[in-house]
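Following: one structure in structure tokens, then a few remarks.
There are 4 protein chains.
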Amino acid sequence: MRARNGKRPRGADAVETVKPKTMRAAILDAAAEIIVRQGYDACTMRAVAALVDMKAGSLYYHFKSKDEIVEEILNQGIETLYTRVAETIRSLPQEAPFAERLLAAVQVHISSLVGKDQKYMHVYEHLPPTIKRRSRKMREKYAQLWHGLFADGVASGETADGHDLSLLVPYFLGGLNRVPEWSRASGASSEQIAALAVATLLDGIGARQ
Amino acid sequence: MRARNGKRPRGADAVETVKPKTMRAAILDAAAEIIVRQGYDACTMRAVAALVDMKAGSLYYHFKSKDEIVEEILNQGIETLYTRVAETIRSLPQEAPFAERLLAAVQVHISSLVGKDQKYMHVYEHLPPTIKRRSRKMREKYAQLWHGLFADGVASGETADGHDLSLLVPYFLGGLNRVPEWSRASGASSEQIAALAVATLLDGIGARQ
Amino acid sequence: MRARNGKRPRGADAVETVKPKTMRAAILDAAAEIIVRQGYDACTMRAVAALVDMKAGSLYYHFKSKDEIVEEILNQGIETLYTRVAETIRSLPQEAPFAERLLAAVQVHISSLVGKDQKYMHVYEHLPPTIKRRSRKMREKYAQLWHGLFADGVASGETADGHDLSLLVPYFLGGLNRVPEWSRASGASSEQIAALAVATLLDGIGARQ
Amino acid sequence: MRARNGKRPRGADAVETVKPKTMRAAILDAAAEIIVRQGYDACTMRAVAALVDMKAGSLYYHFKSKDEIVEEILNQGIETLYTRVAETIRSLPQEAPFAERLLAAVQVHISSLVGKDQKYMHVYEHLPPTIKRRSRKMREKYAQLWHGLFADGVASGETADGHDLSLLVPYFLGGLNRVPEWSRASGASSEQIAALAVATLLDGIGARQ
DNA sequence: CATGAATGAGTGTTCATTCAT
DNA sequence: GATGAATGAACACTCATTCAT
Numbered sequence: 001m002r003a004r005n006g007k008r009p010r011g012a013d014a015v016e017t018v019k020p021k022t023m024r025a026a027i028l029d030a031a032a033e034i035i036v037r038q039g040y041d042a043c044t045m046r047a048v049a050a051l052v053d054m055k056a057g058s059l060y061y062h063f064k065s066k067d068e069i070v071e072e073i074l075n076q077g078i079e080t081l082y083t084r085v086a087e088t089i090r091s092l093p094q095e096a097p098f099a100e101r102l103l104a105a106v107q108v109h110i111s112s113l114v115g116k117d118q119k120y121m122h123v124y125e126h127l128p129p130t131i132k133r134r135s136r137k138m139r140e141k142y143a144q145l146w147h148g149l150f151a152d153g154v155a156s157g158e159t160a161d162g163h164d165l166s167l168l169v170p171y172f173l174g175g176l177n178r179v180p181e182w183s184r185a186s187g188a189s190s191e192q193i194a195a196l197a198v199a200t201l202l203d204g205i206g207a208r209q
Numbered sequence: 001m002r003a004r005n006g007k008r009p010r011g012a013d014a015v016e017t018v019k020p021k022t023m024r025a026a027i028l029d030a031a032a033e034i035i036v037r038q039g040y041d042a043c044t045m046r047a048v049a050a051l052v053d054m055k056a057g058s059l060y061y062h063f064k065s066k067d068e069i070v071e072e073i074l075n076q077g078i079e080t081l082y083t084r085v086a087e088t089i090r091s092l093p094q095e096a097p098f099a100e101r102l103l104a105a106v107q108v109h110i111s112s113l114v115g116k117d118q119k120y121m122h123v124y125e126h127l128p129p130t131i132k133r134r135s136r137k138m139r140e141k142y143a144q145l146w147h148g149l150f151a152d153g154v155a156s157g158e159t160a161d162g163h164d165l166s167l168l169v170p171y172f173l174g175g176l177n178r179v180p181e182w183s184r185a186s187g188a189s190s191e192q193i194a195a196l197a198v199a200t201l202l203d204g205i206g207a208r209q
Numbered sequence: 001m002r003a004r005n006g007k008r009p010r011g012a013d014a015v016e017t018v019k020p021k022t023m024r025a026a027i028l029d030a031a032a033e034i035i036v037r038q039g040y041d042a043c044t045m046r047a048v049a050a051l052v053d054m055k056a057g058s059l060y061y062h063f064k065s066k067d068e069i070v071e072e073i074l075n076q077g078i079e080t081l082y083t084r085v086a087e088t089i090r091s092l093p094q095e096a097p098f099a100e101r102l103l104a105a106v107q108v109h110i111s112s113l114v115g116k117d118q119k120y121m122h123v124y125e126h127l128p129p130t131i132k133r134r135s136r137k138m139r140e141k142y143a144q145l146w147h148g149l150f151a152d153g154v155a156s157g158e159t160a161d162g163h164d165l166s167l168l169v170p171y172f173l174g175g176l177n178r179v180p181e182w183s184r185a186s187g188a189s190s191e192q193i194a195a196l197a198v199a200t201l202l203d204g205i206g207a208r209q
Numbered sequence: 001m002r003a004r005n006g007k008r009p010r011g012a013d014a015v016e017t018v019k020p021k022t023m024r025a026a027i028l029d030a031a032a033e034i035i036v037r038q039g040y041d042a043c044t045m046r047a048v049a050a051l052v053d054m055k056a057g058s059l060y061y062h063f064k065s066k067d068e069i070v071e072e073i074l075n076q077g078i079e080t081l082y083t084r085v086a087e088t089i090r091s092l093p094q095e096a097p098f099a100e101r102l103l104a105a106v107q108v109h110i111s112s113l114v115g116k117d118q119k120y121m122h123v124y125e126h127l128p129p130t131i132k133r134r135s136r137k138m139r140e141k142y143a144q145l146w147h148g149l150f151a152d153g154v155a156s157g158e159t160a161d162g163h164d165l166s167l168l169v170p171y172f173l174g175g176l177n178r179v180p181e182w183s184r185a186s187g188a189s190s191e192q193i194a195a196l197a198v199a200t201l202l203d204g205i206g207a208r209q
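Protein chains in written order, with UniProt numbering: chain A, 1 to 209; chain B, 1 to 209; chain C, 1 to 209; chain D, 1 to 209.
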């Protein structure tokens with residue numbers, strides 16, 4: 001009655017679906033925020049709890065362990081990144097030129113790294129290797145996305161053949177991921193950086209005669 | 001008697017060539033190794049000590065604090081890197097083409113990052129921000145080196161003008177520094193990677209008509 | 001039922017009279033006890049914890065640091081001392097003779113130093129200078145109390161004039177504070193000692209003709 | 001030959017008697033200095049060694065342990081104090097009035113506590129109880145000295161009878177020992193303080209009719 | 001005689017985690 | 001759902017002490 005469309009029925013179950021998700025999300029947000037601003041070491045359970053007005057012990061009602069929190073931050077981050085970039089590529093018309101598709105993808109990627117709401121990805125670089133390793137599969141899936149993009153470029157003849165994509169893709173992405181680190185210092189906008197990256201990659205900086 | 005030329009005689013002493021000569025160096029090596037393989041958090045004084053067959057407290061005979069160890073790893077790493085690259089550039093004939101100079105520099109840079117004996121640089125990305133900040137000046141000096149290299153390229157007309165070097169240089173170096181992370185996975189040699197990086201940077205991957 | 005007068009009924013609750021009510025207080029008591037009996041160096045967090053049936057780390061739930069514990073012992077001690085002596089003096093009739101007022105003050109002072117429940121003040125002499133310094137202000141306030149007492153004596157003519165009170169007061173108090181140290185050995189009661197101190201101070205030990 | 005009286009024969013044995021004593025003395029001095037100025041905790045073997053231009057381990061050639069050093073400082077201090085005061089009393093003419101003898105003794109006592117060269121006694125108050133206890137016997141012997149002095153005063157009728165000397169003596173000495181602590185603050189000279197102590201003890205501060 | 005180098009026990013402190021309430 | 005209180009394992013660091021050289 002209270003809900004006349006099927007989307008969000010009220011009731012005991014519904015509460016469990018919605019409310020916990022909110023608290024979980026708040027905790028994840030808090031943890032991510034701390035990691036981004038103060039580093040992984042500063043992200044203690046007590047600090048996270050304080051940010052959501054709780055005591056440390058209470059977090060264990062929502063998460064089994066600290067690792068679970070961190071892992072979920074990571075996973076959410078990469079998944080969001082994947083979804084956004086995939087969506088961006090898909091939404092472009094099939095006949096859009098490679099350069100355009102690449103630029104769009106790079107822009108989404110970079111703005112997700114730098115953007116305020118998407119701090120999750122920031123987190124990655126601060127994590128100890130053990131934890132990094134656990135998100136490997138998802139990251140590989142994400143790399144596939146880019147691999148496909150470049151492969152399309154080669155297929156359509158817009159990209160010079162002969163490049164080893166399994167080398168080029170991680171090299172390019174690797175460079176891109178470094179961006180937030182120095183974008184803060186240089187003060188360049190993410191659009192500027194995306195343009196630079198794409199232009200450089202496509203045309204190089206060598207003088208043409 | 002034991003050696004009539006200045007070269008190292010083989011025998012017990014020869015071992016000294018492999019094992020670091022001083023205890024300080026051995027400790028630095030051990031600490032770097034742990035940071036690289038297991039991350040900064042795993043690099044406890046106990047762990048370092050164990051690797052050099054000591055007890056934790058004994059390290060304090062050689063270093064004033066853990067920070068001193070980490071800082072020295074960093075400094076040595078960047079300084080070595082600077083020296084090697086500077087030397088490489090200087091040793092090339094003045095009239096060497098830009099592409100050649102760039103390739104040489106990139107090769108030294110990458111091999112220093114990846115090479116077994118030069119694991120120091122690996123360390124950087126694992127460090128907490130506080131400690132990173134302390135090596136800033138040296139790192140800026142190193143960036144200057146590359147800035148100069150590119151500026152020369154522009155001056156000689158070998159590089160297309162109009163690129164903002166203060167954006168391009170950190171972007172390029174940032175990408176380069178990511179190399180060790182995935183070179184392990186892809187198994188590519190440092191020469192391959194250097195070639196890829198230079199070719200991509202100079203010519204781009206866009207198809208030429 | 002369980003108690004028909006206002007006095008504390010015996011039983012489970014009665015224990016609370018002996019054991020300090022709050023954990024904080026229990027910890028302070030334990031720390032003070034150790035300092036008094038075994039000296040400041042013996043007062044480790046582990047030792048204190050053991051006395052309250054805890055592990056060392058747990059103390060940090062109640063106190064921020066060891067210093068906070070020690071400082072609070074000191075402050076509580078001096079404050080209690082101040083309150084008691086001030087109250088004692090105030091409660092005597094205005095026209096009470098100086099000798100009587102002095103004796104009362106000395107008695108309270110000494111019994112506070114020696115008394116079982118008030119071991120806090122014992123602590124002072126065992127502390128490292130750094131920590132002593134922090135309670136200076138309060139101690140000076142306490143000295144003022146005595147200074148006032150003596151000044152009244154001079155004003156009323158009960159005390160010979162011409163004594164430099166700013167020398168006499170610390171000298172007298174200094175002597176008094178040494179009392180617990182040898183009272184244990186000599187076995188004298190605090191009343192005896194108070195009487196001795198007051199008589200000696202007022203009349204001296206020189207023979208009168 | 002070099003020694004023409006029997007007191008200090010040269011030879012292997014003599015060296016052992018003299019030289020070591022010098023080094024030993026230097027170490028004791030250094031340790032005492034540190035304790036006086038920076039407290040017992042600051043008096044580490046390394047700190048002491050540094051003050052005599054040595055490394056910590058070398059101290060163990062001269063002393064069996066840190067405790068031995070501290071104990072010797074204490075013993076030397078009390079012994080010197082004993083000798084000085086005893087000598088002072090003995091050197092006064094038999095018929096010197098009690099007041100004069102007392103004043104002389106107090107002056108020597110105080111100046112030994114405060115005087116620059118006699119820092120040993122300062123040390124006592126900083127020591128942990130365990131170590132204090134070990135010098136008990138010597139301290140009791142020193143107390144006897146004063147006990148005798150007062151007993152003589154009683155015997156000659158210069159001191160009012162009826163005082164329990166076994167209470168009075170430690171009380172008086174206890175007060176005296178507190179002197180250095182506040183003499184620094186008040187800036188009074190040791191003569192002033194000695195005069196105050198003696199006058200107060202003999203005549204009291206009560207007004208006489 | 002003195003040192004360089006090491007050790008072992010111990011210090012204050014932090015933190016993820018647990019659990020009865 | 002959340003908290004107060006506690007724990008245990010770890011951490012960086014200090015220090016008296018030992019001993020081969």
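Beta carbons: idealized from backbone N, C-alpha and C, even for Gly.
Residue i - DSSP class collapsed to helix/strand/coil
| i | result |
| --- | --- |
| GLY153/A | helix |
| GLY187/D | coil |
| GLY175/B | helix |
| GLN192/D | helix |
| ILE205/D | coil |
| THR159/A | strand |
| LEU92/C | coil |
| MET54/C | coil |
| LYS141/A | helix |
| PHE98/C | helix |
| HIS126/D | coil |
Check whether residue i and residue j have beta carbons under 8 Å apart
| i | j | result |
| --- | --- | --- |
| ILE34/B | ALA47/B | yes |
| LEU196/A | TYR124/B | no |
| TRP146/B | VAL179/B | no |
| ILE205/C | LEU92/D | no |
| SER135/B | ILE78/B | yes |
Beta carbon proximity, residue i to chain C, threshold 8 Å
| i | result |
| --- | --- |
| residue 245/D | Residue 245/D lies beyond the range of chain D shown here (1 to 209); nothing can be said about it. |
| ILE205/D | yes |
| ASN75/D | no |
Interface flag, residue i vs chain B, CB-CB below 8 Å
| i | result |
| --- | --- |
| SER135/A | no |
| THR200/A | yes |
| LEU103/A | no |
C-beta neighbour in chain D for residue i, strict 8 Å
| i | result |
| --- | --- |
| HIS109/C | no |
| residue 220/C | The first residue shown for chain C is 1 and the last is 209, placing residue 220/C beyond what the model contains. |
Cβ of residue i within 8 Å of any chain A Cβ
| i | result |
| --- | --- |
| SER65/B | no |
| ALA194/B | no |
| TYR124/B | no |
Alpha carbon of residue i to alpha carbon of residue j, nearest angstrom
| i | j | result |
| --- | --- | --- |
| HIS62/B | ASP41/C | 28 Å |
| LEU74/D | MET138/D | 10 Å |
| ALA25/A | ILE69/A | 10 Å |
| PHE150/B | LEU167/B | 12 Å |
| LYS132/B | GLU72/B | 12 Å |
| ALA31/A | ALA155/A | 43 Å |
Using a Cβ-Cβ cut-off of less than 7 Å, give me the residues of the segment 81–98 of chain B that come near chain A, in sequence order. none
Check each residue of the segment 143–155 of chain C: if its Cβ is closer than 7 Å to any Cβ of chain D, include it; give the result in chain order. Listed in sequence order: no entries.
Give, in chain order, every residue of the segment 47–59 of chain B whose Cβ lies closer than 7 Å to some Cβ of chain A. none
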